[in-house]
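*Asks:* One structure is given below, represented as structure tokens, and several questions about it will come after.
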Amino acid sequence: MEGVKKDLEGELEELRETYNCGKTKEETWRRSQLKALLNLLKEKEDDIFKALKQDLGKHQAEAYRDEIGTLVKSVDYALANLKKWMSSKKAGLPLAVFPSTAELVPEPLGLVLIISSWNLPFGLSIEPLIGAIAAGNVVVIKPSELAPACASILATSIHTYLDNRGVKVIQGGISVGQQLLQHKWDKIFFTGSAHVGRIVLSAAIKHLTPVTLELGGKCPAVVDSLSSTWDKEIAAKRIISAKFGTCAGQACIGIDYILAEKRFTSNLVELLKLYTKKMFGENPKETNSIARIINKTNFLRLKNLLEEPMVKTSIVHGGSLDEDNLFIEPTILVDPPLNSTLMTEEIFGPLLPIITVDKIEESIDFIKSRPKALAIYAFTCNETLKGRLISETSSGSVTFNDTIVQYAADSLPFGGVGGSGFGRYHGKFSFDTFTHEKAVLKRIDLLFDIWFRYPPWNDKKLMLLKSAYKFDYLGLLLKALGLKKS
Amino acid sequence: MLEERERDIIKALHKDLSKPEFEAFISEISMTKGSCKLAIKELNHWMRPQKAKTSMATFPSSAEILSEPLGVVLIISTWNYPFLLSLEPVIGALAAGNAVVLKPSEIAPASSSVLKELLEEYVDNSALRVIEGAVTETSALLEQKWDKIFYTGSGRVGRIVMVAAAKHLTPVILELGGKCPVVVDSNVNLPVAAKRIIAGKWGCNNGQTCIAPDYLITTKAFAPKLIDALRYELLEFFGENPMESEDISRIVNLYHFTRLTKLMDEDKVSDKVVLGGQRNENRLKISPTILLDVPEDSLIMKEEIFGPLLPILTVENLEDSFAVINSRSKPLAAYCFTNNEEVKKDFVRNISAGGMLINDTIVHLTVSTLPFGGVGESGMGSYHGKFSFDAFSHKKAVLYRTLQGETYPRFPPYTAGKLGLLRALLGGNTFHIILSLIRWLKD
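Which chain is which? The protein sequence lines are D and V, in order.
Residues in the first sequence are numbered from 1 upward in steps of one, following this note's numbering.
Residues in the second sequence are numbered from 1001 upward in steps of one, following this note's numbering.
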């Protein structure tokens, strides 16, 4: 243990030295690292696919769509915008401090820690890494030990492709995580559960380290009673793909549960069953197109959700479990008890409850009475409903008529509010999250000075100051010349 | 409220801090009025949703970013600028649509009580409450669940606030302090520089300001000239007997008075006093005091001074000052007086601080287009102007897609053709997209 601790300190010392010598502040370094990431993603693609298959049973297409492909897009975006992001921005200047120049100078924070989760082990490590590097920081990534093959590939490939003195991957379990948290960081970026989020936040207090927490929550999908067949088909496809086709529901922005009108529910259930079969086959376990449950602990957790009284009886599709292969069949339920664990905790698995309401507008109160989620989805053509959902509920984000894709939008901030976390990233928001925007005001040296700024105070000076603060320059001039009394 | 009750505010500030009327007017009333007016003028603009560009990855779609209030927020303010530091964040919180609880500092009791009385009279009571009190009341408040906590004060209490916030995963803004250094080059308009240093140090609540110049750094060669200039201007500002001047605030209470005298009287520090050093415990007054070359490990160089003591450290060459500053934690503000463009550039590039100001002190606080906040030990988050509105807002991302239009090849069952098309779409290259589309359709 002592040996591990010493090694860790040595690694962090090396990173700090690299930062202090100023190398990472240079645009050339940042660009070279981002380009190296691109090469890593292209050349190590097969290794990444293999690791994701091993840890999570992810299909190549899902792995590309959700992790590699999105990362390539994000690195390209960062490279295209790096110069712009790094440059100082002029700030508008009020007359009170004329003549001066004011600008915002972005500077790196220093040594940052990125703790990522197991469900998108590459995506959730590298997406923030892009921002941290673009902003000029030195970085430690602590990937999740629950996806060990991915953690290992991440470590070896980053070691090979990137500047080892500036970016390190430190693998390990809880004790390594705890040791890391004892150190002084200039920023911690955490993706994971609220429970561990609190531990991270508590550790950050000692050094007043700013933190970004990307947590989860129960993301609802409000599904309005759609009339056109085409609309219903598209909606069903998007729902099924999001729920079962994205890490088997183990995604922070996956649909947790659906809200639908009673009169539409049986139609909706039929469509969902139909598309589940179409997309994943009659026997989903055999088609290799759905990910596995990450480990036994989570498998048993999900199993227990289904075994609560009245939950089992609400299953309308699926429900079969294979403990040896950590596989759970895509499962749909209608109106499980609202006080069941299934309906009070984040599901994070391939179980899709549908809660029925009399009128779709009731979903608004339903959502409002629960903690703020990372995302709210709504499938509807009703503009009034859209407006009400936006203004009466709060969530990290809202997406209409689709799911998950907001993750790929570079211009939209990705982050939570309330119980789903704080802080945000993606696109320029990633750069900003690892940046200190330093305010710099430069006064132009005057030959004279505004003498009434200084004590000793008298009524005349106060009068002049009051005029100056009102930008009443004519009045100021007249009063100074004694031609006007206040 | 600020206009009609100006006199009540000035009286309270005089009672709590012996703050001169003119200081009270400039630093508290006028600044706050300005912020209010700005918020009223810009509110519509701030509240408007921002359109966001969308890319191939989500085509076709439209997107925007909406500002929404966080909910019920807690603002804990401090005693040195009790009105400014309470009302400035309150303006932001209300503009952003939140309900607010304000906890003013008990160390400025007259101001705390006037704030409560005035705010209850002038502002909607159902949305803004003022809760007075000390440690007990603050601890009770911190046990509640807030949607945001905004704290101005010391790093020690800042940590206590963070501990309480962590329980409910509440985001916080901490406006703390630090030792704000002033680098003084010999290439400078000395009388103006001296005036501005004095105004920033002793003219702002007698050094009890989070962005007051804490200590000066200059070259060994220039130090005597600098001290002479300061001595001369101090005489102009406060007269022969500054202890009697009405134009300077007193020390807020006995605790801080004792703390400051201890800093001055420490062994190896007390003999470095080159000006001032007088004190009067009954009236809680300490005269403007300058010290030269105190030891770097003395208490006065370890903690934030927050009072009328100004140490001057000397170095061989001006560039050496950067290492001196960087060996300490990042301050809320850093100042540099110079006419040399290279020095200005190096200063900005090599020093990290919440904010920086060249050739003046303090006034960057008044620029509402600049964010005001710390970094590292000096705090997290920022405010002023639109930054205040943003500090108390959640920026919600909204993406609009339709149920019409081509479905994206992202659904199972997965085929090689689909994967190819996905690659092309995420890669963003139109030619590849067309090629892959053709290949997929052939499938």
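Just so you know, even glycine gets a beta-carbon here, dropped at the ideal spot from N, CA and C.
Assign Phe1322(V) to one of three DSSP states: helix, strand, or coil.
*Replies:* Phe1322(V) falls in the helix class under three-state DSSP.
*Asks:* Can you give the Cα-Cα distance for Gly1034(V) and Gly1092(V), rounded to whole angstroms?
*Replies:* Going by the C-alpha atoms only, they are around 13 angstroms apart.
*Asks:* Taking C-alpha atoms, which residue in Asp1214(V), Val1348(V) and Val1123(V) lies nearest to Gly1177(V)?
*Replies:* Here the closest residue by C-alpha is Asp1214(V).
*Asks:* So, for Leu1399(V): in the same chain, excluding its five sequence neighbours on each side, which residues have a beta-carbon less than 7 angstroms away from its beta-carbon?
*Replies:* For Leu1399(V), where only same-chain residues beyond five positions count, the Cβ hits under 7 angstroms are Thr1058, Ser1061 and Ala1063.
*Asks:* Please say whether Gly1277(V) and Gly1207(V) have beta carbons closer to each other than 8 angstroms?
*Replies:* It is not a contact, given that the beta carbons lie outside the stated cut-off.
*Asks:* Is the shortest distance between the beta-carbon of Pro210(D) and the beta-carbons of chain V less than 8 angstroms?
*Replies:* So yes, Pro210(D) belongs to the interface.
*Asks:* For Ile1438(V), which residues does DSSP report across the bridge?
*Replies:* According to DSSP, which records beta bridges pairwise, Ile1438(V) is partnered with nothing at all.
*Asks:* Which same chain residues, not among the five before or five after Val1188(V), have their C-beta less than 7 angstroms away from its C-beta?
*Replies:* Hits under 7 angstroms: Phe1337, Thr1338 and Asn1339.
*Asks:* Which one or two residues does DSSP pair with Glu437(D) in a beta bridge?
*Replies:* Glu437(D) pairs with Pro106(D).
*Asks:* Compare the Cα-Cα distances from Ser1298(V) to each of His1432(V), Val1274(V), Ser1270(V) and Trp1046(V) and report the closest residue.
*Replies:* The shortest C-alpha separation from Ser1298(V) is found at Ser1270(V).
*Asks:* Going by DSSP, what residue range makes up the alpha helix (DSSP H) through Leu271(D)?
*Replies:* Leu271(D) -> alpha helix (DSSP H) spans Lys262 to Phe280.
*Asks:* Report yes if the CB atom of Val140(D) is closer than 8 angstroms to the CB atom of Ile174(D), and no otherwise.
*Replies:* No, these two residues do not count as a Cβ contact at 8 angstroms.
*Asks:* In the DSSP assignment, the beta strand (DSSP E) including Val1367(V) goes from what residue to what residue?
*Replies:* Unbroken run through Val1367(V): none, as it is neither H nor E.
*Asks:* Closest Cβ-Cβ distance between Ile1358(V) and chain D: below 8 angstroms?
*Replies:* Chain D contact via Cβ: present.
*Asks:* Which one or two residues does DSSP pair with Leu520(D) in a beta bridge?
*Replies:* Outside the shown range of chain D (1 to 486) lies residue 520(D), about which nothing can therefore be said.
*Asks:* What does DSSP give as the partner residue(s) for Leu154(D) in the beta ladder?
*Replies:* Paired residue(s): none; Leu154(D) is not in a bridge.
*Asks:* Residues of chain D with CB closer than 8 angstroms to the CB of Met1001(V), please, in chain order.
*Replies:* Correct list: empty, because the minimum Cβ distance to chain D is about 18 angstroms.
*Asks:* What residues match up with Met1356(V) in a beta bridge as DSSP calls it?
*Replies:* Paired residues: Val440(D) and Ala1334(V).
*Asks:* Going by DSSP in three states, Lys1019(V) sits in which element: helix, strand or coil?
*Replies:* Coil.
*Asks:* Does the beta carbon of Gln178(D) come closer than 8 angstroms to any beta carbon on chain V?
*Replies:* No, its Cβ sits nowhere closer than 8 angstroms to a Cβ of chain V.
*Asks:* Is it right to say Tyr1255(V) is buried, meaning 16 or more other beta carbons lie within 10 angstroms of its own, or is it exposed?
*Replies:* Its Cβ having fewer than 16 others within 10 Å, Tyr1255(V) is exposed.
*Asks:* Let me know the secondary structure DSSP gives Arg1279(V) once reduced to three states.
*Replies:* In the structure shown, Arg1279(V) sits in a strand (DSSP, three-state: E or B).
*Asks:* Which whole runs of the beta strand (DSSP E) in the stretch 278 to 343 of chain D are 3 residues long or more, in chain order?
*Replies:* Within the stretch 278 to 343 of chain D, the complete beta strand (DSSP E) runs of at least 3 residues are 315 to 317 and 331 to 334.
*Asks:* Alpha carbon to alpha carbon, what distance is there between Leu226(D) and Val357(D)?
*Replies:* Their Cα atoms are separated by approximately 15 angstroms.
*Asks:* Please list the partners that Gly1158(V) has in chain D, where partner means a Cβ-to-Cβ separation under 7 angstroms.
*Replies:* Within 7 angstroms Cβ-Cβ: Leu208.
*Asks:* Label Gln1144(V) either buried or exposed according to how many other C-beta atoms from any shown protein chain fall within 10 Å of its C-beta, with 16 as the threshold for buried.
*Replies:* That one is exposed.
*Asks:* Rounded to whole angstroms, what's the CA-CA distance from Lys1345(V) to Val105(D)? Just pull it up for me.
*Replies:* If I take the Cα positions, the gap works out to 12 angstroms.
*Asks:* Give a yes or no on whether the C-beta atoms belonging to Thr265(D) and Val138(D) are separated by under 8 angstroms.
*Replies:* Cβ distance not < 8 angstroms, so Thr265(D) and Val138(D) don't count as in contact.
*Asks:* Okay, do the stretch 1196 to 1206 of chain V and the stretch 1345 to 1354 of chain V touch, 3+ Cβ pairs below 8 angstroms being the bar?
*Replies:* Contact between the stretch 1196 to 1206 of chain V and the stretch 1345 to 1354 of chain V is absent, because fewer than three Cβ pairs lie under 8 angstroms.
*Asks:* Starting from His1394(V), follow the beta strand (DSSP E) in both directions and report where the run begins and ends.
*Replies:* Residues Ser1393 to Tyr1400.
*Asks:* Looking at chain V, is there any beta carbon in it that lies within less than 8 angstroms of the beta carbon of Ile234(D)?
*Replies:* With 8 angstroms as the cut-off, Ile234(D) counts as an interface residue toward chain V.
*Asks:* Report the option in Gly1427(V), Phe1431(V), Ala1397(V) and Ile1438(V) whose CA atom is closest to the CA atom of Gly1417(V).
*Replies:* Nearest C-alpha to Gly1417(V): Ile1438(V).
*Asks:* Check whether the stretch 234 to 246 of chain D touches the stretch 333 to 349 of chain D, taking contact to mean three or more Cβ pairs, one atom from each stretch, closer than 8 angstroms.
*Replies:* The stretch 234 to 246 of chain D vs the stretch 333 to 349 of chain D: no contact.
*Asks:* Identify whether Lys1145(V) lies in helix, strand or coil by the three-state DSSP scheme.
*Replies:* Residue state, collapsed to three classes: coil.
*Asks:* If contact means a Cβ-Cβ distance below 8 angstroms, which residues of the stretch 392 to 417 of chain D contact chain V?
*Replies:* So the list reads Ser394, Ser395, Gly396, Ser397, Val398, Thr399, Phe400, Asn401, Asp402, Val405, Gln406, Ala408, Ala409, Asp410, Ser411, Leu412, Pro413, Phe414 and Val417, given in the order they occur along the chain.
*Asks:* Hey, how far is the Cα of Met1056(V) from the Cα of Gly254(D)?
*Replies:* Each residue's Cα considered, the two are about 22 angstroms apart.
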